[in-house]
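Counting in my numbering, the sequence shown runs from 666 upward without gaps.
Heads up, the beta-carbon is just placed ideally off N, CA and C, and yes, glycines get one too.
Since the model is a prediction, treat every value here as computed from it, not as a measurement.
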Amino acid sequence: MQKSNAFGAATFERVETEERVEQLARLAGAIWREYWPAIIGPDQTEYMIEQFQSLPAIKRDMAEYAYEYWFVRAADDGRIVGFTGGHVEPETARFFVSKIYLLKEERGRHFASAVIAFYENLLRERGLEAMYLTVNKHNELGIRAYTAKGFQTIDAVETDIGHGFIMDDYIMEKRI
C-alpha cells in the first residue's frame, strides 16, 4: 500500500492497481447515490455516475487525461472514508481537483481539511501555483467548506453534459 504522509485526520493511498481502481468505482457509485439525488435528481445522478464515476470513466480519465486518484483513509484505523482525484494542468500551473468525496458517516470529521492540506503539499512539491475545482451551485455544504478553506469563486459555468443535463457550477480556486 503506497501512502503519503499523514495530514491530520487522514492518510492517502494512491490508486494504481486494477483492483483498487475497481474498488474506487464502487465507492464512487455508493457516495454519489447517497448524496446527489437530493440535489440533481436520480436520473442525472445515474447519468453522471456512468459518464464520470464508473470504472470505464475512471480508467479513461487516468489513461487519457493523467488523472491521479487517492483513497482517503482515517489516520487512526486506516478505514477508507472517501476518495479524491484530479490532474495537473501544466499550461496553467494549476491542479484541477475533480473529486473530493466522503462517505456520509465520515463528513464533519475534518477529512476534507486533510484533503485540502494534502493538495497544498502536493502543489508545493510539484511547483504549482493553485488548485481549482467546480462545485454545484446548489451544493451549499461544499461551497461553505471550500470557502472556509480559502477558495474563492472565480467564475460560474453551465456545461451541457448530454441527455438534456446541465452541470451548473461555480469554479473555485485556491492559490498557494
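Straight-line spacing of the CA atoms in Y784 and T812 works out to 16 Å. Bounds of any beta strand (DSSP E) do not take in Q709; it lies within the alpha helix (DSSP H) bounded by P707 to M713. The alpha-carbon separation between R698 and E790 amounts to approximately 34 Å. DSSP lists E823 as the bridge partner or partners of D833. Non-local C-beta neighbours of M832 in its own chain, meaning closer than 6 Å and more than five positions away in sequence, comprise T824 and I826, ordered along the chain.
Put simply, the stretch 674 to 686 touches the stretch 728 to 742. At least three CB pairs are less than 8 Å apart. With 16 or more neighbouring CB atoms inside 10 Å of its own CB, Q718 falls in the buried class. Counting along the chain, the unbroken beta strand (DSSP E) around A795 starts and ends at A795 to N801. The Cβ atoms of Y730 and H752 sit closer than 8 Å to each other. Within its own chain, the residues whose Cβ lies closer than 8 Å to the Cβ of E687, once the five positions on either side in sequence are excluded, are L720, listed in chain order. Taking every protein chain shown into account, the CB of D708 has fewer than 16 other CB atoms within 10 angstroms, so this residue is exposed.
Shown here, Y811 sits in a helix according to DSSP, grouped into three states.
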